[in-house]
């Protein structure tokens with residue numbers, strides 16, 4: 003018998019001073035049986051950092067042809083493709099060819115510099131790729147905030163992220179490894 007996804011209900015209050023985006027979102031997330039709480043919360047953080055009315059979670063881990071999140075235009079063009087983790091070069095190449103903008107949020111501590119050492123020379127040619135590393139200590143604490151019913155406040159200012167619930171608050175300072183925002187040709 004196959005294991006089923008675990009459903010999480012999230013109320014996300016976002017105040018992003020860097021983008022001048024202020025909104026509340028009611029979200030339903032499915033955590034794949036092989037997914038950790040940390041990864042689920044990194045996906046949720048990626049949503050908060052790029053939130054818009056048209057940003058949506060996809061089937062994620064269970065589908066190779068889709069990112070974790072995407073934003074599509076009314077004509078079904080992919081405007082934003084968001085990956086989480088340490089994807090291989092071919093996945094990022096495919097994403098950069100299909101989307102106007104691609105953002106990859108890496109996490110995992112010591113594995114990230116090893117991955118980046120292998121990837122840097124291969125992915126710097128993509129003009130629409132941004133890679134952001136999230137510190138391991140922060141993503142570990144972020145995973146501990148996971149609850150089946152969550153209300154989270156996210157504040158972003160000067161590149162620093164504060165996320166928390168009624169009792170706990172985490173400050174995250176991401177490191178941008180690569181930033182290219184030119185739209186694909």
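Residue numbers (our numbering): 3 to 187.
The beta carbon of each residue, even a glycine, is placed where N, CA and C say it ideally should be.
(request) Identify the continuous alpha helix (DSSP H) that holds residue 93 and give its terminal residues. (result) 91 to 100
(message) With three or more C-beta pairs closer than 8 Å as the rule, is the stretch 142 to 151 touching the stretch 97 to 107?
(response) no
(request) Measure the C-alpha to C-alpha separation of residue 118 and residue 160 and round it to an integer number of angstroms. (result) 25 Å
(request) Decide if the stretch 69 to 87 is in contact with the stretch 43 to 52; the criterion is three or more beta carbon pairs, one per stretch, under 8 Å apart. (result) yes
(request) Note down, in chain order, each residue of its chain lying with its Cβ closer than 6 Å to the Cβ of residue 181, except the 5 sequence neighbours on either side. (result) Closer than 6 Å at the Cβ level, and outside the excluded window around residue 181, lie 132.
(message) Using 8 Å as the threshold, is the C-beta distance between residue 32 and residue 157 below it?
(response) Between residue 32 and residue 157, the gap from beta carbon to beta carbon reaches 8 Å or more.
(message) Considering just the uninterrupted stretch of the alpha helix (DSSP H) at residue 144, what are its terminal residues?
(response) 138 to 146
(request) Tell me, please, which residues DSSP counts as bridged to residue 74. (result) 80
(request) Determine the direct distance from the alpha carbon of residue 140 to that of residue 111, and round the result to whole angstroms. (result) 10 Å
(request) May I ask you to list the residues that DSSP assigns as paired with residue 27? (result) According to DSSP, which records beta bridges pairwise, residue 27 is partnered with 14.
(request) From the DSSP output, in three-state form, read off residue 49 for me. (result) Residue state for residue 49 is assigned as helix, using DSSP reduced to three classes.
(request) Work out the CA separation of residue 151 and residue 78 for me, nearest whole Å. (result) 32 Å
(message) On the CB-based measure, 16 or more other CB atoms within 10 Å of its CB, does residue 73 come out buried or exposed?
(response) buried
(message) Can you check which of these residues, 60, 174, 165, is closest to residue 134 by C-alpha distance?
(response) When only C-alpha atoms are compared, the closest one is 174.
(request) With residue 152 as the anchor, note down where its beta strand (DSSP E) starts and where it stops. (result) 151 to 159
(message) Short of 6 Å in beta carbon distance, which residues of its chain neighbour residue 178, apart from the five on each side in sequence? Order them along the chain.
(response) 134
(message) Please classify residue 53 as buried or exposed, where buried requires at least 16 other C-beta atoms within 10 Å of its C-beta.
(response) buried
(request) State the DSSP-derived secondary structure class of residue 179, mapped to helix, strand or coil. (result) Here residue 179 sits in strand by DSSP.
(message) Could you compute how far the alpha carbon of residue 183 sits from the alpha carbon of residue 168?
(response) Those two C-alpha atoms are separated by around 36 Å.
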